[in-house]
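Colleague:
Number of protein chains: 2
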Amino acid sequence: MAEALEPEQLDTYFALMESVSVLHHAVEQQVRSAGELSYVQFQLLARLADAPDRQLTMTALADGVVYSRSGLTHQAGLLEKAGLITRGPSPDDQRATLVTITQAGLDRVATILPGHIEVVRDLLFDPLSTKDLAALGDVMTRVRDHMRAQPPRSAAPRKRRT
Amino acid sequence: MAEALEPEQLDTYFALMESVSVLHHAVEQQVRSAGELSYVQFQLLARLADAPDRQLTMTALADGVVYSRSGLTHQAGLLEKAGLITRGPSPDDQRATLVTITQAGLDRVATILPGHIEVVRDLLFDPLSTKDLAALGDVMTRVRDHMRAQPPRSAAPRKRRT
DNA sequence: TATTGTTATACTCTATAACTATA
DNA sequence: TATAGTTATAGAGTATAACAATA
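Chains as they are written, first to last, in the numbering used here: chain A, 75 to 236; chain B, 75 to 236.
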């Protein structure tokens, strides 16, 4: 195992990473200038805004966005201080903390969104046809689901060595 | 203008960002544990290893990887201190600094690469067919070229307003 | 005047480890 | 014993602004 990637795979990997890096940087700036938030904070708010009751447990909120508990606690602290979320105990599990987005949080997301969408369209979707979009969406959805199914690396710091 | 993204676009955007975020985190860890480098540093070395004479000017090196001059100077300083690159004056342009990767730098990249490739394969390419790979490569190459052609946001902090 | 690169500084983000409390 | 979350702390990354030198 561990054979070399095909050249085509390597090119694809590099194109993907560079593109998303540039896109990430662009949206980071947009979110910061339009809404005084980091992109991570914006993503957390966006997730809450889309959640069933506009609330999620800390762990659920972190998924795919933040990779350490303490990092999330820190960001949640900032968002709470800014009045964009509230934190309270969960009725189902006394250990869990339920995070809820406030109206101010929803407003903030609404303020950021139009410009955000504009940046994403200009940078990412502009050069793509409808067909391209469908292909990209299909592939990346599959990749994301595959990654979600993967054992979390954060919790599995290679033990076995043989 | 600035109409809402189609739902399909939004889903695609989110899947893309989450996937690459997870991938980024995984390769970051791999590069750090296998080669004692940050991912940014690894990318810089990898670019130099692939460059025509194994050397690039600071500005060319930064493209798509680092978004501020000072950030690159800092990272280059660390890489030079570690003996992985050297910096010298450019014969073509007295203002420019030519960065060259050393043999130790090439060795370091070679040390990191196998494990790196393994992570990328497991996380990104595993769930993709040959056809998917071709589609992804085609689309992301096009996106990257589009972004490269874009006026650099860093240097164009929106002036016009009307 | 514009561009290349460096320096100094300040700030944000992230992660590690130790800890509390509940399942 | 395992999981959810917090705290404190330390380290790395990044950006801004002021600067020097060359085009």
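Beta carbons: idealized from backbone N, C-alpha and C, even for Gly.
I want to see whether chain A comes within less than 8 Å of D85 of chain B, judged by CB atoms only; does it?
Modeller: For the purposes of this step, residue 85 of chain B is taken as the residue at position 11 of the second sequence. Yes, D85 of chain B lies at the interface with chain A (some Cβ there is under 8 Å from its Cβ).
Colleague: Taking the CB atoms as reference points, tell me whether I191 of chain A and G109 of chain A lie closer together than 8 Å.
Modeller: In the first sequence, counting from the first residue as 1, residue 191 of chain A sits at position 117. In the first sequence, counting from the first residue as 1, residue 109 of chain A sits at position 35. Not a contact, by the Cβ cut-off of 8 Å.
Colleague: So which residues on chain A does F199 of chain B lean against when the C-beta distance must stay under 7 Å?
Modeller: What you label residue 199 of chain B is simply residue 125 of the second sequence in a count that begins at 1. Those are Q83, listed as they occur along chain A.
Colleague: Would you identify the three-state DSSP class for A230 of chain B, choosing helix, strand or coil?
Modeller: Taking the first residue of the second sequence as position 1, residue 230 of chain B is located at position 156. Bear in mind that a pLDDT of 35 at A230 of chain B, under 50, signals an unreliable position, so the model cannot answer this.
Colleague: In terms of residues, what are the limits of the alpha helix (DSSP H) holding P163 of chain A?
Modeller: Taking the first residue of the first sequence as position 1, residue 163 of chain A is located at position 89. It is not in any alpha helix (DSSP H) - P163 of chain A instead sits in the beta strand (DSSP E) that spans 159–163.
Colleague: Along the chain, where does the alpha helix (DSSP H) that runs through T204 of chain A open and close?
Modeller: Counting from one through the first sequence, the residue named residue 204 of chain A turns up at place 130. According to the DSSP assignment, T204 of chain A belongs to the alpha helix (DSSP H) that extends over 204–223.
Colleague: Quick one: what's got a C-beta closer than 8 Å to T147 of chain B's C-beta in the same chain, skipping five residues either side?
Modeller: Position 73 of the second sequence, counted from the start, is the residue given in the question as residue 147 of chain B. Answer for T147 of chain B: M132, listed in chain order.
Colleague: Quick check: is the beta carbon of A123 of chain B nearer than 8 Å to any beta carbon in chain A?
Modeller: As a working note, residue 123 of chain B is residue 49 in the second sequence. No, because no Cβ of chain A sits closer than 8 Å to the Cβ of A123 of chain B.
Colleague: Considering Q129 of chain A, what are the terminal residues of the beta strand (DSSP E) in which it resides?
Modeller: Position 55 of the first sequence, counted from the start, is the residue given in the question as residue 129 of chain A. First-last of the beta strand (DSSP E) with Q129 of chain A: 129–131.
Colleague: Any idea which residues DSSP pairs T174 of chain A with across the strands?
Modeller: Here residue 174 of chain A refers to the residue found at position 100 when the first sequence is read from its first residue. Answer by DSSP bridge pairing, in chain order: A:Q129, A:T160.
Colleague: So L172 of chain A and G179 of chain A are in contact, right, with Cβ under 8 Å, and what is the actual spacing, rounded?
Modeller: For this step, residue 172 of chain A is matched to residue 98 along the first sequence. For this step, residue 179 of chain A is matched to residue 105 along the first sequence. 14 Å between Cβ atoms; not a contact.
Colleague: Give me, in chain order, the residues of the same chain whose beta-carbon lies closer than 8 Å to that of L210 of chain B; leave out the 5 immediate sequence neighbours on both sides.
Modeller: Reading the second sequence from its first residue, position 136 is the one you call residue 210 of chain B. Leaving aside the five residues that flank L210 of chain B on each side, the residues in its chain whose CB is nearer than 8 Å to its CB run, in chain order, L202.
Colleague: Using Cβ-Cβ distances below 7 Å, what residues of the stretch 209–221 of chain B are close to chain A?
Modeller: A209, L210, G211, V213, M214, T215, R216, V217, R218, H220, M221
Colleague: Which residue comes first and which comes last in the alpha helix (DSSP H) that contains S142 of chain A?
Modeller: As a first step, residue 142 of chain A is located in the first sequence; it is residue number 68 there, counting from the start. From DSSP, S142 of chain A is part of no alpha helix (DSSP H); its letter is neither H nor E.
Colleague: Indicate whether at least one CB of chain A lies closer than 8 Å to the CB of L90 of chain B.
Modeller: Along the second sequence, one-based indexing puts residue 90 of chain B at 16. Cβ-Cβ to chain A under 8 Å: yes for L90 of chain B.
Colleague: Alpha carbon to alpha carbon, how far is A156 of chain A from V140 of chain A?
Modeller: Residue mapping note: residue 156 of chain A aligns to position 82 of the first sequence, counting from 1. Residue mapping note: residue 140 of chain A aligns to position 66 of the first sequence, counting from 1. Looking at the two C-alpha atoms, the distance is approximately 19 Å.
Colleague: Buried or exposed: Q83 of chain B, going by 16 or more other Cβ atoms within 10 Å of its Cβ?
Modeller: Along the second sequence, one-based indexing puts residue 83 of chain B at 9. Classification of Q83 of chain B: buried, given that the 10 Å Cβ count is 16 or more.
Colleague: How about L207 of chain B and L97 of chain B: do their beta carbons lie closer than 8 Å?
Modeller: On the second sequence, position 133 is the one that residue 207 of chain B refers to. On the second sequence, position 23 is the one that residue 97 of chain B refers to. Cβ atoms of L207 of chain B and L97 of chain B: not closer than 8 Å.
Colleague: Whole angstroms is fine: what's the gap from L111 of chain B's alpha carbon to V105 of chain B's?
Modeller: For the purposes of this step, residue 111 of chain B is identified with residue 37 of the second sequence, where counting begins at 1. For the purposes of this step, residue 105 of chain B is identified with residue 31 of the second sequence, where counting begins at 1. Taking the straight line from one Cα to the other gives about 6 Å.
Colleague: Are R218 of chain A and S93 of chain B touching if we call contact CB-CB under 8 Å?
Modeller: Translated into positions along the first sequence, residue 218 of chain A becomes position 144. Translated into positions along the second sequence, residue 93 of chain B becomes position 19. Yes, these two residues count as a Cβ contact at 8 Å.
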